[in-house]
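For reference, each letter of the sequence shown is one residue, going 16 to 263 in this note's numbering. Every residue gets a Cβ at the ideal spot worked out from N, C-alpha and C, and that includes glycine. Read through the structure below, which is laid out as C-alpha cells, and then see the notes.
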Amino acid sequence: MHLSELSHPNQLHGLSTAELEGIARQIRERHLEVVSTSGGHLGPGLGVVELTLALYQTLDLDHDRVVWDVGHQAYPHKLITGRYNQFHTLRQKDGVAGYLKRCESPFDHFGAGHASTSISAALGMALARDQRHEHFKCVAVIGDGSLTGGMALEAINHAGHLPKTRLLVVLNDNDMSISPPVGALSTHLNRMRHSKPLQFLQDNAEEAIKHLPFMHGELPTELKNLKESMKRLAVPKLGAVFEELGFT
16 MHLSELSHPN QLHGLSTAEL EGIARQIRER HLEVVSTSGG HLGPGLGVVE LTLALYQTLD
76 LDHDRVVWDV GHQAYPHKLI TGRYNQFHTL RQKDGVAGYL KRCESPFDHF GAGHASTSIS
136 AALGMALARD QRHEHFKCVA VIGDGSLTGG MALEAINHAG HLPKTRLLVV LNDNDMSISP
196 PVGALSTHLN RMRHSKPLQF LQDNAEEAIK HLPFMHGELP TELKNLKESM KRLAVPKLGA
256 VFEELGFT
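In C-alpha cells, the structure reads:
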C-alpha cells in the first residue's frame, strides 16, 4: 500500500508487519522531504512513527480519540489521516498547520501549541464521555520533556483521583525535548531506563533466544514483544511513581 492511499487510519487494521514497515518507511521519507524544504520539527515526528502506527492499528479512530502533546510529534498522524497530498504545504499560508488543528481534520481532536496539555485535554474528553454514557477510548501521547510541565502533573494528580474514568496515557520516554530534559522526574526515568538489570536484559536476552536451536538465528516479532513484559521482572519498581498516582 502506498501512503497516498491512506485517507483513514482504520485502513491500517489488518495490515501485516511487512506492510506496516513499508508504511513507516514512506512516512519517514515524506517527513524528511517536506521538513527539509518547508521547515518544521524533524526529530519528534521521526521518533513516533512506529508508535503512531501501533496505536492506530489497535484503535478505532471513527470513535476513539487521540490527543498528541504539543503537535510537533503529530506529523506522522497527519500523513495517515488524509493529508499526504497536501503535506508539502506544511507551515505555509493556507497549508497544513505545524500543529494539530481541529478545523483541518476530524482526527485532530485538540489543538494546542504549548507543551503539557494533552493529559488534561484527554481527561476532559473522558469525563464528558462518561457523563454522556458513551463508550470510546481517550488517549494522550506525551513525551518525557512535556511530562515535567505543571499542567501535565496537575492532570496526573486529577486523573489518579478518578479510578473509574478510563484514560490511556502513552509516555514517549525518549530522553529528549527541544533540549535534553532536566530535573528530578527526568533523572528518575533515566535511572530506570539505565538500570543494570534492565541493561543486562536488553544486551543479552535477545541474543540468547536467537541461538536456541529452533530459532534459526531469527527472533519472531511475537518474542520481541516479550522484552517489554520482561522489564518488570528485571526492574520491579519500573513505573512505580505513576502506579502510586493511580496509573497502572
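Rank the options by C-alpha distance to the C-alpha of residue i and give the top, closest one.
| i | options | result |
| --- | --- | --- |
| LEU142 | GLY60, ALA174, GLU119 | ALA174 |
| SER19 | LEU30, GLN101, GLY54 | GLN101 |
| LEU105 | ALA170, HIS87, VAL156 | HIS87 |
| THR67 | HIS103, ALA127, TRP83, CYS153 | TRP83 |
| SER51 | ALA39, GLU65, HIS103 | HIS103 |
| MET166 | ARG147, LEU182, ALA136 | ALA136 |
| ALA170 | ILE134, HIS56, MET140, ASP159 | ILE134 |
| GLU36 | GLY54, GLN214, HIS17 | HIS17 |
| LEU278 | LYS211, MET140, ASP109 | The chain is shown only over 16 to 263; residue 278 falls outside these bounds and no answer can be derived. |
| GLU149 | ASP79, ASP159, HIS56, THR73 | ASP79 |
| GLU65 | SER120, ARG40, SER53, CYS153 | ARG40 |
Can you tell me the Cβ-Cβ gap for residue i and residue j, rounded? I've got them flagged as a contact below 8 Å.
| i | j | result |
| --- | --- | --- |
| ILE95 | PRO24 | 5 Å |
| ALA130 | VAL85 | 5 Å |
| VAL156 | ASN187 | 6 Å |
Quick check on residue i: buried or exposed, where buried means 16 or more other Cβ atoms within 10 Å of its Cβ?
| i | result |
| --- | --- |
| THR132 | buried |
| THR163 | buried |
| ASP75 | exposed |
| PHE125 | buried |
Which partner residues does residue i have in the DSSP bridge list?
| i | result |
| --- | --- |
| LEU183 | VAL154 |
| VAL82 | ALA155 |
Can you give me the Cβ contacts of residue i inside the same chain, cut-off strictly under 7 Å, excluding the 5 residues immediately before and after it?
| i | result |
| --- | --- |
| GLY29 | none |
Looking only at its own chain, which residues have a Cβ that is under 8 Å from the Cβ of residue i, when we skip the five neighbours before and after it?
| i | result |
| --- | --- |
| GLY128 | VAL85, GLY86, TYR114 |
| ARG117 | ASP123, HIS124, PHE125, GLY126 |
Note down, in chain order, each residue of its chain lying with its Cβ closer than 6 Å to the Cβ of residue i, except the 5 sequence neighbours on either side.
| i | result |
| --- | --- |
| SER22 | GLY97 |
| GLY110 | THR104 |
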